[in-house]
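1 is the number of the first residue of the sequence shown in full-length UniProt numbering; add one for each residue after it.
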Amino acid sequence: MTGDGTVHQAPLLPVTTVGSLPKPAWLAEPEVLWSPWQLHGDVLADGKRDALRAVVHEQQRRGVDIITDGEQTRQHFVTTFIEHLDGVDFDNRETVRIRNRYDASVPTVVGAVGRRASVFVEDAAFLRGQTDLPIKWALPGPMTMIDTLADRHYGSRERLAWEFATILNEEARELEAAGVDIIQFDEPAFNVFFDELKDWGIAALERAAEGLRVETAVHICYGYGIKANTDWKATLGSEWRQYEESFPLLQRSRIDIVSLESQHSNVPIELIELIRGKKVMLGALDVASAHVETPEEVAAVLRRALPFVDADKLIPSSNCGMAPLSREVAFGKLSALSAGAALVRAELAGADS
Ligand SMILES: [Zn+2]
1 MTGDGTVHQA PLLPVTTVGS LPKPAWLAEP EVLWSPWQLH GDVLADGKRD ALRAVVHEQQ
61 RRGVDIITDG EQTRQHFVTT FIEHLDGVDF DNRETVRIRN RYDASVPTVV GAVGRRASVF
121 VEDAAFLRGQ TDLPIKWALP GPMTMIDTLA DRHYGSRERL AWEFATILNE EARELEAAGV
181 DIIQFDEPAF NVFFDELKDW GIAALERAAE GLRVETAVHI CYGYGIKANT DWKATLGSEW
241 RQYEESFPLL QRSRIDIVSL ESQHSNVPIE LIELIRGKKV MLGALDVASA HVETPEEVAA
301 VLRRALPFVD ADKLIPSSNC GMAPLSREVA FGKLSALSAG AALVRAELAG ADS
């Protein structure tokens with residue numbers, strides 16, 4: 001359903017991306033993660049909207065079926081949300097270890113956290129106005145949010161996660177009212193903190209998604225293609241079984257869609273069986289490589305997954321965000337993704353007749 005009330009029949013294997021796409025060079029320095037804005041004030045606000053228009057156009061032109069904002073209006077997938085909250089001091093920074101992997105200087109929680117006003121709702125409404133196709137909006141997940149902060153107030157990761165879940169739920173309800181069709185929570189931390197995942201991680205995620213009528217998704221990955229992540233991956237051995245921890249819990253949860261990485265990944269594909277019944281957003285584009293996949297390379301990943309997921313529940317996607325790539329490479333990958341999905345769609349139609 002879209003804002004004008006038209007129901008769009010989703011194609012088989014609807015194509016989408018995890019979230020971020022490269023920004024134009026006049027808005028932020030290309031091929032740099034979290035690079036600062038090149039514009040300021042009203043010009044920046046205008047520039048963000050123009051970048052959003054362009055990224056919607058590019059996705060539609062290249063056959064993407066579920067449109068995202070490409071995170072054109074945000075600098076960082078977690079921090080930009082936190083910047084809008086009370087109780088977090090951005091001048092008072094501490095160095096903490098992110099996802100047990102790399103050190104970063106992060107803001108500190110110094111008081112009760114709260115959301116004064118909506119953070120992304122205006123941007124989402126603008127995106128809604130740019131396309132009649134379904135739109136998906138990503139928010140950080142509660143566990144990933146607390147892992148990006150130092151806490152000097154709550155003294156409990158679980159309590160802080162619960163506060164964030166409540167705040168995220170308020171934001172998600174407003175995004176739903178603004179016409180967003182799918183709300184996605186990014187939880188890369190689910191591939192790292194397995195005890196917390198079981199103790200309260202899934203519960204906090206479900207709290208964030210509570211009462212939503214639109215579809216909900218969770219994205220769990222091995223991170224952007226930056227050095228800290230590729231070094232970490234090199235230590236994980238020949239089989240990456242991290243999803244084995246979260247998938248059985250998610251299978252029993254109310255979350256509708258699970259997003260995972262698969263292209264050039266050591267994740268055993270049969271792990272998808274653990275979320276049978278859920279929709280699967282399958283990463284068929286490697287975001288750590290500037291090689292533009294061929295449609296056949298995309299199709300090969302989708303075919304490998306089909307024994308473990310019903311075709312009407314498979315959503316071809318990217319492994320993770322594509323912000324660190326050049327626009328040429330990222331947009332080329334979008335074309336390959338939709339062409340690869342079309343190959344498999346035709347095979348499935350042929351098998352039916
Ligand atoms: Zn990711």
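Every residue, glycine too, gets a C-beta built ideally from N, C-alpha and C.
Item, Value
"Out of GLU31, ALA189, LEU33 and GLN60, which has the shortest C-alpha to C-alpha gap to LEU334?", "GLN60"
"Return the chain-ordered list of same chain residues with a C-beta closer than 6 Å to the C-beta of GLY340, the five sequence neighbours on each side being excluded.", "PRO295, VAL298 and ALA299"
"Tell me, please, which residues DSSP counts as bridged to MET281.", "SER259 and ILE315"
"Using a Cβ distance threshold of 8 Å, determine whether the region 244 to 261 contacts the region 278 to 286, with at least three qualifying pairs required.", "yes"
"Which ranges does the alpha helix (DSSP H) cover as unbroken runs of at least 4 residues, wholly within the region 154 to 241, from first to last along the chain?", "157 to 177, 202 to 208 and 227 to 234"
"In whole angstroms, give me the CA-to-CA distance for GLY5 and VAL214.", "Its pLDDT being 48, under 50, GLY5 is placed unreliably in this model, and the value from its coordinates should be taken loosely. If you take the alpha carbons of GLY5 and VAL214, they lie about 15 Å apart."
"Run through DSSP, which three-state label would ARG61 get?", "helix"
"Rounded to whole angstroms, what is the Cα-Cα separation between ASP310 and LYS279?", "8 Å"
"Return the Cβ separation of LEU337 and PRO316 in integer angstroms, given the expectation that the two are a contact with Cβ distance under 8 Å.", "6 Å"
"Which of helix, strand or coil does DSSP assign to GLY129?", "helix"
"Which same chain residues end up closer than 6 Å to GLU163 when comparing Cβ atoms and leaving out the 5 residues on each side of it in sequence?", "VAL113"
"Can you check the region 74 to 151 for any alpha helix (DSSP H) of at least 4 residues that lies completely inside it and give the ranges in chain order?", "79 to 82, 121 to 130 and 142 to 146"
"Determine which residues share a DSSP beta bridge with ALA351 and list them.", "In DSSP, ALA351 forms no bridge with anything."
"Taking 6 Å as the limit between beta carbons, can you name the residues of its chain near TRP232, skipping five residues before and five after?", "ARG101"
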